[in-house]
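Peer 1: Residue numbers (the numbering used here), protein chains in the order written: chain A, 725 to 862; chain B, 725 to 862; chain C, 725 to 862.
I'd like to ask some things about the structure below.
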């Protein structure tokens, strides 16, 4: 069994951003030399997500608006913010969108359906944060 | 390390359907010959889910009603539908229910609790869509 | 390839509780002797979650309040409860928080960001329920 590890770093301009990281994940798979296995991609921070969906700008605006409705930013709404933070909402948004994805690797490639793309979902940005890629297989 | 790959195909009669695929996943595990490992089961389409819960009709109606409340179908609500689609809601519903499950394989079987069953969750059906099963182990 | 399996048992005092299980998962990783691989941690019951977030009391109260808003306990709201259950809400809450996490193991340790902690999320407690840890790697 082989394994491969890589970190991706992000510092977004906006508090909330959705970034297509598919090329970075594909690159890591090539670097790993693994042909058959599983690829874990996870946010290393608890106010961010990694998820798979469509790379369509309108949909991404829909996601942002929907998440804001389900878990509004308003810092006065969350006990967590009594610690001095203002990102209570980001911890909730991340649970809807998920921490991680696990992707099959087949024949040295991400084994994806026609529209699947991997995204980093940032809900409390404007500082350095990381994504972990861990690949195991042969 | 061994690996095994299989696709399941679906074309539902209704736009929204929840289908028990546990027997198909169990069959794939037997076909793989893998005794100890991990089994990834994921929707290959971005308006569908794979999730684990109870096979109880009332609960499934509850899920459908709840998801419709959290992300109503009404096509006029979503920017994504300006592309000509009418499935913006399905991209949101899928995020609640999740893209994938990872299941332990122990002694050649899905290592499940007493009520765990695997479901395909279709939120924009009536066309051919796929689920991927990828198993690695020994 | 090596594999390791362990169960954790819980019987909470309250219907809803969030319990930090990071030390238990770390212990299982040490017991496994696996240095590089993947660690699956999943609820074996369908009204409970395993998730990764922050160990901060205020945030946990925020989660409970938010989940109660998204899926209120009121047993009269759910068809599932016509079966004699009163836990319809717990099946919904668990979908928001997720069934499982997959964690990278690097150099014999959980490969975590600075604040990542693993939690058992109980939404229908006061009885014996289990979490499964399955580790594969080398």
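Yeah, the Cβ is synthetic: ideal placement off N, Cα and C, and Gly gets one too.
At a CB-CB cut-off below 7 Å, which residues of chain C make contact with residue 826 of chain A?
Peer 2: The answer, in chain order, is 826.
Peer 1: For residue 812 of chain A, would you say it is in contact with chain C, using Cβ-to-Cβ distances shorter than 7 Å as the test?
Peer 2: Yes, residue 812 of chain A counts as interfacial toward chain C.
Peer 1: Expressed to the nearest angstrom, what Euclidean distance is found between the alpha-carbon atoms of residue 821 of chain A and residue 843 of chain A?
Peer 2: C-alpha separation (whole angstroms): 10 Å.
Peer 1: Of all Cβ atoms in chain B, is any one closer than 7 Å to the Cβ of residue 858 of chain C?
Peer 2: Yes, contact with chain B.
Peer 1: Classify residue 817 of chain C as helix, strand or coil using the three-state DSSP reduction.
Peer 2: Helix.
Peer 1: Could you give the residue range of the beta strand (DSSP E) that holds residue 795 of chain C?
Peer 2: No beta strand (DSSP E) holds residue 795 of chain C; DSSP gives it neither H nor E.
Peer 1: For a test of the three-state rule: what should DSSP assign to residue 805 of chain A, helix, strand or coil?
Peer 2: Correct three-state label for residue 805 of chain A: helix.
Peer 1: Compute the Euclidean distance between the alpha carbons of residue 847 of chain B and residue 835 of chain A, then round it to the nearest angstrom.
Peer 2: Whole-angstrom Cα-Cα distance: 22 Å.
Peer 1: Between the C-alpha atoms of residue 812 of chain C and residue 859 of chain C, what's the straight-line distance to the nearest angstrom?
Peer 2: Cα to Cα, residue 812 of chain C sits roughly 31 Å from residue 859 of chain C.
Peer 1: Starting from residue 746 of chain B, trace the alpha helix (DSSP H) in both directions and tell me its first and last residue.
Peer 2: Its alpha helix (DSSP H) spans residues 746 to 756.
Peer 1: Exposed or buried, which one is residue 756 of chain A when buried takes at least 16 other CB atoms within 10 Å?
Peer 2: Buried, by the Cβ-count rule.
Peer 1: In whole angstroms, what is the alpha-carbon distance linking residue 781 of chain B and residue 767 of chain C?
Peer 2: Their backbone Cα atoms lie some 22 Å apart in a straight line.
Peer 1: Using a C-beta cutoff of 7 Å, does residue 776 of chain B count as contacting chain C?
Peer 2: Yes, residue 776 of chain B lies at the interface with chain C (some Cβ there is under 7 Å from its Cβ).
Peer 1: Apply the 10 Å Cβ neighbour rule to residue 777 of chain A and answer buried if 16 or more other Cβ atoms are within range, or exposed otherwise.
Peer 2: Buried is the call here.
Peer 1: When you compare only the Cα positions, how much space is there between residue 816 of chain B and residue 795 of chain B?
Peer 2: When rounded, the distance between both Cα atoms is 6 Å.
Peer 1: Using C-beta distances below 6 Å, list every residue in its chain close to residue 827 of chain A, excluding the 5 sequence neighbours before and after it, in chain order.
Peer 2: Counting only Cβ-Cβ distances below 6 Å, and skipping sequence neighbours, we find 763, 834.
Peer 1: Answer with yes or no whether the minimum CB distance from residue 786 of chain C to chain A is below 7 Å.
Peer 2: With 7 Å as the cut-off, residue 786 of chain C counts as an interface residue toward chain A.
Peer 1: Following the continuous beta strand (DSSP E) through residue 847 of chain C, name the residue where it begins and the one where it ends.
Peer 2: From DSSP, residue 847 of chain C is part of no beta strand (DSSP E); its letter is neither H nor E.
Peer 1: Determine the direct distance from the alpha carbon of residue 809 of chain B to that of residue 862 of chain C, and round the result to whole angstroms.
Peer 2: Going by the C-alpha atoms only, they are around 46 Å apart.
Peer 1: Using a C-beta to C-beta distance shorter than 7 Å, which residues of chain C count as neighbours of residue 807 of chain A?
Peer 2: By Cβ distance, chain C contributes 780, 782.
Peer 1: What residues in its chain sit with their C-beta under 8 Å from that of residue 731 of chain B, if we drop five residues either side in the sequence?
Peer 2: Excluding sequence neighbours, residue 731 of chain B sits near 768, 854, 855, 856, 857.
Peer 1: So the candidates are B/738, B/773, B/752; which of them puts its Cα closest to the Cα of residue 819 of chain C?
Peer 2: Measuring from the Cα of residue 819 of chain C, the nearest candidate turns out to be B/773.
Peer 1: What residues match up with residue 780 of chain C in a beta bridge as DSSP calls it?
Peer 2: Paired residues: none, contrary to the question.
Peer 1: Roughly how far, in whole angstroms, is the beta-carbon of residue 786 of chain A from the beta-carbon of residue 802 of chain B, given that I think they are within contact range, below 8 Å?
Peer 2: With a Cβ gap of about 5 Å, residue 786 of chain A and residue 802 of chain B count as contacting.
Peer 1: Give the DSSP-derived three-state secondary structure of residue 812 of chain B in the structure shown.
Peer 2: Here residue 812 of chain B sits in helix by DSSP.
Peer 1: How is residue 824 of chain B classed by DSSP in three states: helix, strand or coil?
Peer 2: Residue 824 of chain B falls in the strand class under three-state DSSP.
Peer 1: For the segment 791 to 804 of chain B, which residues have a CB atom closer than 9 Å to at least one CB atom of chain A, in sequence order?
Peer 2: Residues passing the 9 Å Cβ filter: 794, 795, 801, 802, 803, 804.
Peer 1: When you compare the CB positions of residue 770 of chain C and residue 839 of chain B, do they come within less than 7 Å of one another, or not?
Peer 2: Contact: yes.
Peer 1: Give every residue of the same chain whose Cβ lies closer than 8 Å to the Cβ of residue 753 of chain B, excluding the five residues on either side of it in the sequence, and list them in chain order.
Peer 2: The residues are 763, 829, 832, 833, 834, 859.
Peer 1: Please report the straight-line C-alpha distance between residue 738 of chain C and residue 761 of chain B, rounded to a whole angstrom.
Peer 2: Spanning the two alpha carbons is a distance of roughly 34 Å.
Peer 1: In three-state terms, what does DSSP make of residue 800 of chain B?
Peer 2: Here residue 800 of chain B sits in helix by DSSP.
Peer 1: Starting from the beta carbon of residue 848 of chain B, find every residue of chain C whose beta carbon is closer than 9 Å, and list them in chain order.
Peer 2: In chain order: nothing, as chain C lies at least about 18 Å away.
Peer 1: What did DSSP end up calling residue 785 of chain C once you bin it into helix, strand or coil?
Peer 2: Residue 785 of chain C: helix per DSSP, three-state reduction.
Peer 1: What separation, rounded to the nearest whole angstrom, lies between the Cα atoms of residue 814 of chain C and residue 805 of chain A?
Peer 2: Distance between the alpha carbons of residue 814 of chain C and residue 805 of chain A is about 26 Å.
Peer 1: Starting from residue 734 of chain C and walking both ways along the beta strand (DSSP E), at which residues does that stretch end?
Peer 2: Start and end: 726 to 734.
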